[in-house]
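Visitor: Residue numbering for the sequence shown follows our numbering, beginning at 31 and increasing consecutively.
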Amino acid sequence: MSRPTIGGVILDLDDTLFDCTGLLTEPARRRAATVLARSGHLAEGDAFHLQVEWSAKLGSTEALREIARLHGFADDVLNEALATYNTPDVPPIAPFPDAVSTLLALKDNGLPLTLVTSGVPERQRAKIERLGLAEFFSKDIGNLFLHDPTAEQQGKGPHLSAAATWMGVTNDSTAVVGDKLDSEIEAGNRLGMVTIHIRLGLPAAPTTPEQKPDYEIDGLAELVDLLSS
Ligand SMILES: [Mg+2]
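1. Helix, strand or coil for residue 148 per DSSP?
2. So what does DSSP say about residue 221, is it helix, strand or coil?
3. Taking 6 Å as the limit, tell me which residues put their C-beta closer than that to any heavy atom of ligand 1, in chain order.
4. Of all the options 81, 230, 159, which has the alpha carbon lying nearest to the alpha carbon of residue 118?
5. Do the CB positions of residue 222 and residue 202 come within less than 8 Å of each other?
6. Evaluate residue 124 with the Cβ neighbour count: other Cβ atoms within 10 Å of its Cβ, from every protein chain shown; 16 or more gives buried, anything less gives exposed.
7. Sort out for me which residues DSSP pairs residue 126 with in a bridge.
8. For residue 12, tell me which candidate among 145, 98, 141, 38 has the shortest Cα-Cα distance.
9. Are the segment 39-46 and the segment 77-91 in contact at 8 Å, needing three or more beta carbon pairs?
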């Protein structure tokens, strides 16, 4: 495949610009498992592993709701587990070592950058602040698009479209970079964007043709060559 002509880049946040799974997701699942285990319905280890399994299908928040439903947890236990999982207090975190240099290089090459991220909006904003990435992506700049999966029926698609519009580029010259085949890669492919899968989260294989990325990379720094025209 010849190199695409790209006029703008949409990035994902979690497990794309920083190690969300290692730094935040696993500790959050352990906190929620502790709350669930306190009620005596599930052992703590089971409560952790059930979250891993269900999250792959439903996302983290809905996974907790499903586990609570299947195991008969009271609403107050579920709510405490959700609150401890989604606490807006984000511990110290850092971007991947090549993240900032890659963002700067892409900007130097004249590419506008946008961020489309899924999750509780306040928490996603807190992560961006903590990561020191607010100088690149913010509501003030206009290039931060927050997808709230608990409040919106649709996935990331409308936000990807809004990001391309903000950058003033057509879909076929928009690159979408992310770790989730069933989220930004699938949504980007449906919109005719150029999709780039970064293999940093859990190993994954496409389950439908729409989840097949145009490109695969193993680190952000690879974007600079891939997207230079
Ligand atoms: Mg991600």
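Virtual Cβ for every residue (Gly too), placed ideally from N, Cα, C.
This structure is a prediction, so every number in the text was calculated from the model and none was measured.
Guide: According to the structure shown:
1. Sequence index remark: in the sequence shown, residue 148 carries index 118 (1-based). The answer is strand: DSSP assigns residue 148 an E or B state.
2. Translated into the one-based positions of the sequence shown, residue 221 becomes position 191. Residue state, collapsed to three classes: coil.
3. The filter returns 42, 44, 45, 46, 208, 209, 210, in chain order.
4. On the sequence shown, position 88 is the one that residue 118 refers to. Answer by Cα proximity: 159.
5. The residue given as residue 222 occupies position 192 in the sequence shown. The residue given as residue 202 occupies position 172 in the sequence shown. Yes. Within cutoff.
6. As a working mapping, residue 124 is identified with position 94 in the sequence shown. Residue 124 should be labelled exposed.
7. Sequence index remark: in the sequence shown, residue 126 carries index 96 (1-based). Per DSSP, none; premise fails for residue 126.
8. Residue 12 lies beyond the residue range present for the chain, which begins at 31 and ends at 259; the question has no answer from this structure.
9. no
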